[in-house]
Amino acid sequence: MPALCRMSDAQFRRAKKLIRRLCANYDGGNCLPLDDGDTCPCPQMITPTLICKYFRAAVLPSDRELWTEIMGGVHHWKRCVLCGSRFLPRSNRAAYCDGCARQEARRRTRDRVRRYRGRL
Numbered sequence: 000m001p002a003l004c005r006m007s008d009a010q011f012r013r014a015k016k017l018i019r020r021l022c023a024n025y026d027g028g029n030c031l032p033l034d035d036g037d038t039c040p041c042p043q044m045i046t047p048t049l050i051c052k053y054f055r056a057a058v059l060p061s062d063r064e065l066w067t068e069i070m071g072g073v074h075h076w077k078r079c080v081l082c083g084s085r086f087l088p089r090s091n092r093a094a095y096c097d098g099c100a101r102q103e104a105r106r107r108t109r110d111r112v113r114r115y116r117g118r119l
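Residue numbers (numbering that gives the first Met the number 0): 0 to 119.
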């Protein structure tokens, strides 16, 4: 991973939303670790270059799509077997997106219980 990654405008807007919502060091536009008695603006909110280590390690992974786009495609996209939409798999065995995975799990449970009840 390069030390300084540059974000596109759309990625930068998404990153700023993440910072406002999830960053523990962000306080109304100021960066708490850089505060030495004088307020200091959050550097990650100013520049589209990925410079804040805390943002990279703790905040960015919460948005898997943005993380993959910025960090260089460590994970590969897959297509959902049921609906055909793209998703980032959580493991190498994943075949369904999050919504379809819940639906498929319910269907499998339903079929298993029906088979079990038919034996009694």
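Heads up, the beta-carbon is just placed ideally off N, CA and C, and yes, glycines get one too.
In chain order, what residues of the same chain have a beta carbon less than 6 angstroms from the beta carbon of C41, not counting five sequence neighbours either side?
Y25 and C30
Rounded to whole angstroms, what's the CA-CA distance from G36 to L49? Just pull it up for me. 25 angstroms
Determine the contact status of L87 and R63, defining contact as a CB-CB distance below 7 angstroms.
yes
Restricting to Cα atoms, I'd like to know which of N91, W66 and Y95 is closest to S7.
Considering only alpha carbons, the answer is W66.
**Asked** DSSP on R85, reduced to helix/strand/coil?
**Response** strand
(message) Please report the straight-line C-alpha distance between H75 and R113, rounded to a whole angstrom.
(response) 36 angstroms
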